[in-house]
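Letter 136 of the sequence shown, counting from 1, is numbered 136 in UniProt numbering, and no numbers are missing. Where is the CB? At the ideal position from N, CA and C, for every residue including glycine.
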Amino acid sequence: MSFLIVDRVNRLEGRLSISGAKNAALPIVMAALIGEGESILENIPNLRDINNLIKILNSLGAKTEYSNNRLKINTDTINRLDIPYDLARKMRASYYVLGALLARCGQAATSLPGGCEIGSRPIDLHLKGFKALGAKVNIEHGVVEVKADKLIGAKIYLDYPSVGATSNIMMAAVKAEGQTIIENAAREPEIIDLANYLNVMGAKIKGAGTDIIKIEGADKLEGREYTIIPDRIEAGTYMMAAAIIESDLYIDNVLVEHVKPLIAKLREMGVIVKEDVNSVRIISEGKLKAVDMKTLPYPGFPTDMQAQFMALLTQAEGASMVIETVFENRFGHVDELKRMGADIKIDGRSAIVKKSNLTGAKVKATDLRAGAALIIAGLVAEGETEIGDIYHIERGYENILGKLSSIGVNIRKVDC
Ligand SMILES: CC(=O)N[C@H]1[C@@H](OP(=O)(O)OP(=O)(O)OC[C@H]2O[C@@H](n3ccc(=O)[nH]c3=O)[C@H](O)[C@@H]2O)O[C@H](CO)[C@@H](O)[C@@H]1O
Ligand SMILES: C=C(OP(=O)(O)O)C(=O)O
1 MSFLIVDRVN RLEGRLSISG AKNAALPIVM AALIGEGESI LENIPNLRDI NNLIKILNSL
61 GAKTEYSNNR LKINTDTINR LDIPYDLARK MRASYYVLGA LLARCGQAAT SLPGGCEIGS
121 RPIDLHLKGF KALGAKVNIE HGVVEVKADK LIGAKIYLDY PSVGATSNIM MAAVKAEGQT
181 IIENAAREPE IIDLANYLNV MGAKIKGAGT DIIKIEGADK LEGREYTIIP DRIEAGTYMM
241 AAAIIESDLY IDNVLVEHVK PLIAKLREMG VIVKEDVNSV RIISEGKLKA VDMKTLPYPG
301 FPTDMQAQFM ALLTQAEGAS MVIETVFENR FGHVDELKRM GADIKIDGRS AIVKKSNLTG
361 AKVKATDLRA GAALIIAGLV AEGETEIGDI YHIERGYENI LGKLSSIGVN IRKVDC
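Here it is, written out as structure tokens:
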């Protein structure tokens, strides 16, 4: 079992660079299965989820080579169409095998996915989309199987703009006969990145990034080179870390457009944010004003930043309200922050956060972003913060120890 120890710090300064986006890399790596031959993917972050996904690709018979954030995938040797339970349960994105192999081979199966426990996370919208395209869906003993002799384009309205369902249906539809239209599609930047990669391989997708995506079926997709976008959630996490104390931090390799909702909230709180073409500079005196925030699908405030933002709000003068609208159970970090002395009251999907003096404590990362929030809280907590269950954090932050240490944080990993 490993844990992280974080010490209180007086000031953060320096420069760090953001890695490739986990939530873009995961569907894109799986989408490589649709293209014949070899894809070379650049800027693939070295994360637990990515390494698990590479194991999944290998288990399907694909050949992979991964080093220095470059992943080569050759799909000519695929010889299995199902993912074993042990690999599927470790991550959310394992469900992308359904869309990818449905497009490539007309068949796929996987145990139901894992991922952060932040709500019930059903996959009914994914399955509704596959069925509309003509696939048969069967769920038995915790395994989902999809099968189609032929996929035919269809109009699919999503009840909710689900990121996973939009991506999965987009993948399934790239070779379907005729036109597919996804209405009320998710508009996240990771959807655009996936569509761009699929288009580079020969797909005909228009409208990604809007709520109507149109896909004309293509005969064949071929592996290509592609570079993944930077991770807006990783960038946001370091923005919050800098904002919580006195700091002058440059964060490079950020697509500023993607972090606009975060910049707006930080400015409202009194933090100085300077934008450049591909970087942001955060200047903070650690004196923060309370603000209210509600998570929403993109371009709203991202749910994947709610926990880290809540850690920041524990240091804001006054009372702030946080409303989580995307997932019904994403307040796992609250009890852990309370162990550190945070004054937070939850009522359903809302939380009231008041300024509090934090003290170091033994806490655990209840999920990936909860873990990041505890690190941020640890920067201002008196004494040492000891964070357990850090495998969650390793799912989503490349070299977090190295990056934080380089800007003045005393953080170390203890293995026992
Ligand atoms: C690997 C990955 O990219 N994960 C991200 C993805 O998760 P994920 O793709 O799982 O999130 P969705 O956008 O699908 O989920 C949003 C909401 O829709 C609901 N829903 C979703 C699908 C479905 O078939 N039925 C249904 O009811 C979910 O329970 C949730 O309440 O988007 C989330 C929302 O930005 C992020 O927090 C996750 O980090
Ligand atoms: C919820 C997240 O990830 P996943 O969907 O992979 O569980 C996240 O990245 O914050």
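Boundaries of the alpha helix (DSSP H) in which residue i is found, first to last residue
i, result
"Arg-267", "260–268"
"Leu-127", "124–132"
"Leu-198", "189–200"
"Leu-312", "306–313"
Option nearest residue i by Cα separation, candidates the options
i, options, result
"Ser-67", "Ser-59, Ile-44, Leu-26", "Ile-44"
"Ile-387", "Leu-194, Leu-60, Leu-288, Asp-415", "Asp-415"
"Lys-338", "Ala-381, Val-326, Leu-296", "Ala-381"
"Ser-59", "Glu-36, Arg-349, Leu-81, Gly-106", "Leu-81"
"Pro-84", "Tyr-95, Thr-110, Cys-105, Asp-347", "Thr-110"
"Leu-133", "Ile-123, Ile-181, Glu-38", "Ile-181"
"Ile-123", "Val-409, Val-277, Asn-196, Gly-164", "Gly-164"
"Ala-93", "Glu-65, Ala-24, Gly-35, Ile-73", "Ala-24"
"Asn-46", "Tyr-226, Val-144, Ile-213, Gly-20", "Gly-20"
"Tyr-30", "Pro-261, Gly-14, Asn-51, Gly-129", "Note that residue 30 is Met in the sequence shown here, rather than Tyr. Per the Cα distances, Asn-51."
"residue 472", "Val-97, Glu-188, Leu-198", "Outside the modelled stretch of the chain, which goes from 1 to 416, sits residue 472, for which no answer is possible."
"Ala-172", "Pro-189, Leu-221, Ile-282", "Leu-221"
"Glu-246", "Met-310, Ser-350, Gly-286, Leu-194", "Gly-286"
"Ile-5", "Leu-368, Val-363, Lys-403, His-392", "Val-363"
"Glu-234", "Arg-330, Leu-255, Ser-356", "Leu-255"
"Ile-78", "Leu-87, Ser-162, Leu-112, Glu-36", "Glu-36"
"Pro-27", "Leu-101, Glu-13, Glu-65", "Leu-101"
"Ala-218", "His-258, Lys-175, Lys-260, Leu-249", "Lys-175"
"His-333", "Tyr-298, Ala-319, His-392", "His-392"
"Phe-331", "Ala-316, Ala-319, Gln-308, Gly-341", "Gln-308"
"Asp-347", "Gly-360, Glu-324, Thr-359, Leu-87", "Glu-324"
"Val-326", "Thr-314, Thr-295, Glu-336", "Thr-295"
"Glu-336", "Pro-299, Ser-320, Ile-376", "Ile-376"
"Gly-119", "Asp-367, Glu-328, Ser-356", "Glu-328"
"Ile-390", "Arg-11, Arg-48, Glu-225, Leu-16", "Arg-48"
"Arg-104", "Glu-257, Val-137, Lys-150, Lys-22", "Lys-150"
Three-state secondary structure assigned by DSSP to residue i
i, result
"Asp-389", "coil"
"Gly-207", "coil"
"Asn-184", "coil"
"residue 431", "Past the edges of the chain, shown from 1 to 416, lies residue 431, and the structure says nothing about it."
"Tyr-157", "strand"
"Ala-148", "coil"
"Val-291", "coil"
"Glu-398", "coil"
"Asp-49", "helix"
"Leu-255", "coil"
"Gly-20", "strand"
"Glu-275", "strand"
"Met-240", "helix"
"Ala-218", "coil"
"Arg-232", "helix"
"Ala-176", "coil"
"Val-29", "helix"
"Ile-245", "coil"
"Ile-44", "coil"
"Ile-118", "coil"
"Met-1", "coil"
Extent of the continuous beta strand (DSSP E) to which residue i belongs
i, result
"Lys-354", "350–354"
"Tyr-226", "225–227"
"Ser-162", "Unbroken run through Ser-162: none, as it is neither H nor E."
"Leu-296", "Segment: none, Leu-296 is in no beta strand (DSSP E) and carries neither H nor E."
"Ile-34", "Taken as a continuous stretch (DSSP letters only), Ile-34 belongs to no beta strand (DSSP E), as it is neither H nor E."
"Asn-138", "136–140"
"Val-9", "Looking at the DSSP string, Val-9 is not in any beta strand (DSSP E), and its letter there is neither H nor E."
Residue i beta carbon near ligand 3 (any heavy atom closer than 7 Å)
i, result
"Gly-236", "Annotation note on ligand 3: not contained in the displayed structure, which lists ligand 1 and ligand 2 as its ligands."
Checklist line | Check your reading: residues with Cβ closer than 7 Å to ligand 2 heavy atoms | finding: Lys-22, Asn-23, Asp-49, Met-91, Arg-92, Ala-93, Gly-115, Cys-116, Ile-118, Ile-233, Asp-304, Asp-367, Leu-368, Arg-369, Arg-395, Gly-396
Notebook entry, point to check: Residue ranges of each alpha helix (DSSP H) run of no fewer than 4 residues wholly in the region 55–109, ordered along the chain?
Noted result: 85–88, 96–105
Notebook entry, point to check: Where are the alpha helix (DSSP H) runs, 4 residues long or more, that stay fully inside the region 360–387, in chain order?
Noted result: The region 360–387 is shown to contain whole alpha helix (DSSP H) runs of 4 or more residues at 368–378, in chain order.
Next item on the list: Go through the region 323–350 residue by residue and report every complete run of the beta strand (DSSP E) that reaches 3 residues or more, in order.
Entry: 343–347
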